[in-house]
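Let me begin by presenting the structure, written as structure tokens, before commenting on it.
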Amino acid sequence: MGWAAVCAAGVLALAGCGQRAAQAEVKVPYSGVEELPEKLGSDGTTIVVGDPDAAVTVHLYEDPRCPYCEEFETTGGGPELRGATVRREVKTEYTLASFLDDRVGGTGSKRAVNALRAALEEGRFAEYHEVLYANQPEETVDGYTDAFLLKLADRVEGLRGPEFDAAVKTMKYRTFVTTSEKAYERAGGKEEPGGPGTPTAVINGKRIPLEYNGLLLDRSAFTDLLNRIHANPAEWTRTRL
583 MGWAAVCAAG VLALAGCGQR AAQAEVKVPY SGVEELPEKL GSDGTTIVVG DPDAAVTVHL
643 YEDPRCPYCE EFETTGGGPE LRGATVRREV KTEYTLASFL DDRVGGTGSK RAVNALRAAL
703 EEGRFAEYHE VLYANQPEET VDGYTDAFLL KLADRVEGLR GPEFDAAVKT MKYRTFVTTS
763 EKAYERAGGK EEPGGPGTPT AVINGKRIPL EYNGLLLDRS AFTDLLNRIH ANPAEWTRTR
823 L
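This note's numbering puts the first residue of the sequence shown at 583, with every later residue one more than the last.
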């Protein structure tokens, strides 16, 4: 099976952030994530989780309020991506957008991105990132309040403390929030000046094309793609979809 066929196998209707499908709520954080290295990249906006020497790098563009990002992280390809990262087969990078605040109103995306940056400072980004998506409010509800973000932080061992709490309440990393959103917008280039959409995945420098983006929500198809790339990363890089 060629690369295009692998990607097409998981294509679903996916046009961007909208209403999520009904599904069971997930609340348990992924065990083992806290053992992974995590850091802020040299560009000042990319958050990097995993073995720096991993053969495969998956760069994700996400907005914390996006229901399709939530679907990816809870029932789509996200659990397998976390597993592959824990196994040190994959390094995962994140660019965090906050455009949905302007689109649907409120400040929830910005506050969540700020809190995620504060969690990185405590070495708990990966765990907190998972907890936020597992308990994501409805997109149209500006539910990522300071109180809710702190309540969810209680579920991550070692995260809550005076510095983290203050960073959440004062929007300490508001500059990061702004520059991260701008990095997201730049990633869209001239064709997508507002950004590439969320979720978007770039694997080893090669973006999964928009027409195949639905495979991110198909856990089996995304797992197959990751396994094939891990087995032969050079072939993925040189193949045109």
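Positions of the beta carbon are idealized from the N, C-alpha and C atoms, including for glycine.
Can you tell me whether residue i is helix, strand or coil according to DSSP?
i      : result
Thr639 : strand
Arg801 : helix
Ile790 : coil
Thr821 : coil
Glu712 : helix
Glu644 : strand
Gln605 : Low local confidence applies: a pLDDT of 41 at Gln605 is under 50, so the model's placement there is unreliable, with the coordinate-based value given in what follows. Correct three-state label for Gln605: coil.
Val630 : strand
Val686 : helix
Tyr755 : coil
Ile811 : helix
Asp806 : helix
Val738 : coil
Gly705 : coil
Identify the continuous beta strand (DSSP E) that holds residue i and give its terminal residues.
i      : result
Tyr676 : 672 to 678
Glu620 : 620 to 622
Thr752 : That residue, Thr752, is in no beta strand (DSSP E); its alpha helix (DSSP H) goes 744 to 752.
Out of the options, which has the shortest C-alpha to C-alpha gap to residue i?
i      : options                        : result
Thr821 : Glu652, Arg789, Glu739, Ala700 : Arg789
Asp747 : Phe730, Thr757, Thr677         : Phe730
Val784 : Gly770, Pro775, Gly776         : Gly770
Gly688 : Gly725, His711, Pro634, Leu678 : Gly725
Tyr650 : Leu622, Gly665, Gln718         : Gln718
Ala813 : Glu671, Lys692, Arg647         : Glu671
Glu720 : Cys648, Pro634, Phe758, Ile811 : Cys648
Arg706 : Arg664, Pro619, Thr627         : Pro619
Arg685 : Ala708, Val723, Lys754, Met753 : Val723
Thr657 : Ala816, Trp818, Phe804         : Phe804
Thr674 : Phe681, Thr760, Thr782, Glu739 : Thr782
Report, in whole angstroms, the separation of the C-beta atoms of residue i and residue j, which I expect to be a contact under 8 Å.
i      : j      : result
Leu642 : Tyr676 : 5 Å
Thr639 : Asn809 : Thr639 to Asn809, Cβ: 15 Å. No contact.
Glu767 : Pro775 : 7 Å
Leu700 : Thr780 : A quick correction: the sequence has Ala, not Leu, at residue 700. Rounded, the Cβ-Cβ distance is 21 Å, inconsistent with contact.
For the alpha helix (DSSP H) containing residue i, name the first residue and the last one.
i      : result
Thr825 : Since the first and last residues shown for the chain are 583 and 823, residue 825 lies out of range.
Asp728 : 728 to 735
Val668 : 660 to 668
Phe681 : Note, Phe681: premise wrong, no alpha helix (DSSP H); not H, not E.
Pro649 : 649 to 656
Quick one: Cα of residue i to Cα of residue j, how far?
i      : j      : result
Pro646 : Gly777 : 15 Å
Ala636 : Ala666 : 10 Å
Asp625 : Lys733 : 31 Å
Pro661 : Leu798 : 11 Å
Arg664 : Lys772 : 32 Å
Leu792 : Glu644 : 15 Å
Cys589 : Gly796 : 9 Å
Phe654 : Arg801 : 8 Å
Lys692 : Asp633 : 28 Å
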